[in-house]
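Novice: Below is the structure I would like to discuss, written out as structure tokens.
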Amino acid sequence: MKRFSSIALVIVVLLVTLNMSNLPWELRFAAPQHNYLFVMILAIILPASVLLWSLFRHTKLLKVSGFLVTLAAAVPSFIVFIFAAGDYSEIKRSGVDHSFVELNRLNVNDDNYVLYRTDRGATTSYGLVLRLEREIGFGIHAVKVVHSKYKAAEGQLELLSESQLKMQIQPYDTQDKMEVVVLDI
359 MKRFSSIALV IVVLLVTLNM SNLPWELRFA APQHNYLFVM ILAIILPASV
409 LLWSLFRHTK LLKVSGFLVT LAAAVPSFIV FIFAAGDYSE IKRSGVDHSF
459 VELNRLNVND DNYVLYRTDR GATTSYGLVL RLEREIGFGI HAVKVVHSKY
509 KAAEGQLELL SESQLKMQIQ PYDTQDKMEV VVLDI
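Per our numbering, the sequence shown runs over residues 359 to 543.
Structure below.
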């Protein structure tokens, strides 16, 4: 059981680290609520795996240290769990993730270029994110951010050729002008 607790802790820490890292490619579930459910599960099993690890240590120092790390991990994990659970229940009820709304989608050579409007809450402005999404299987996509624009609410994608697409970004307010971005794909 000592070996199992160590392996479980390493796997959970790797999953949490990968989930929090800003890597070029990320894994996302096709169903938005599953992304929040995954975060909720990680928020529960991170402190639980540290506690399990500490319970199977032989020295008192490692047991106490593990318990203290469990307590330190439990507080932020609980906060993350509460926020993710609120979003999860809202998405499950409405079927829409209002913080990441799909505006437009282009399918090019089995890849999907998807334009989303982001909304991070009352204290922020809208933004646009263009992502390249490739289906891996089992409802999981590999996702890469191709372009993003903060302080933008509406946009449109247009395929110019098999190797270029155009993103038109509408003005956010009266001081802005329409922006056109041509991207090589």
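By construction, the Cβ of each residue, glycine as well, lies at the ideal position given by its N, Cα and C atoms.
Specify, as a first and last residue, the run of the alpha helix (DSSP H) that residue 403 falls within.
Specialist: Residues 390 to 413.
Novice: Using the three-state DSSP reduction, which class does residue 417 fall into: helix, strand or coil?
Specialist: DSSP places residue 417 in coil when its eight states are reduced to three.
Novice: Who does residue 542 pair with in a DSSP beta bridge?
Specialist: Answer is 522.
Novice: Using the C-alpha atoms, what's the distance from residue 470 back to residue 491?
Specialist: Each residue's Cα considered, the two are about 5 Å apart.
Novice: With DSSP as the reference, label residue 476 as helix, strand or coil.
Specialist: Three-state result, residue 476: strand.
Novice: Helix, strand or coil, according to DSSP, for residue 448 in the structure here?
Specialist: Looking at residue 448 - three-state DSSP - the assignment turns out to be helix.
Novice: When you compare the CB positions of residue 392 and residue 495, do they come within less than 9 Å of one another, or not?
Specialist: Result no, Cβ atoms of residue 392 and residue 495 do not sit closer than 9 Å.
Novice: Within the same chain, show all residues whose beta-carbon is closer than 6 Å to that of residue 370, passing over the 5 residues directly before and after it, in chain order.
Specialist: Once the five neighbours on either side are set aside, the close Cβ partners of residue 370 are 403, 404 and 407.
Novice: Just verifying my parser: in three-state terms, what is the DSSP assignment at residue 385?
Specialist: Correct three-state label for residue 385: strand.
Novice: Check for me: the alpha helix (DSSP H) holding residue 364 runs from which residue to which?
Specialist: Per DSSP, residue 364 belongs to the alpha helix (DSSP H) from 360 to 378.
Novice: Take the Cβ of residue 390 as the centre, count every other Cβ of all protein chains shown within 10 Å, and call the residue buried at 16 or more, exposed below.
Specialist: Label assigned to residue 390: buried.
Novice: Identify which residue in 456, 472, 460 and 465 has its Cα closest to the Cα of residue 480.
Specialist: Answer by Cα proximity: 456.
Novice: What residues in its chain sit with their C-beta under 7 Å from that of residue 382, if we drop five residues either side in the sequence?
Specialist: Closer than 7 Å at the Cβ level, and outside the excluded window around residue 382, lie 502.
Novice: Report yes if the CB atom of residue 466 is closer than 9 Å to the CB atom of residue 523, and no otherwise.
Specialist: Yes, the pair counts as a contact, with Cβ atoms nearer than the cut-off.
Novice: Spatial neighbours of residue 395 within its chain, please: CB distance less than 7 Å, with the 5 preceding and 5 following residues excluded, ordered by chain position.
Specialist: Excluding sequence neighbours, residue 395 sits near 446.
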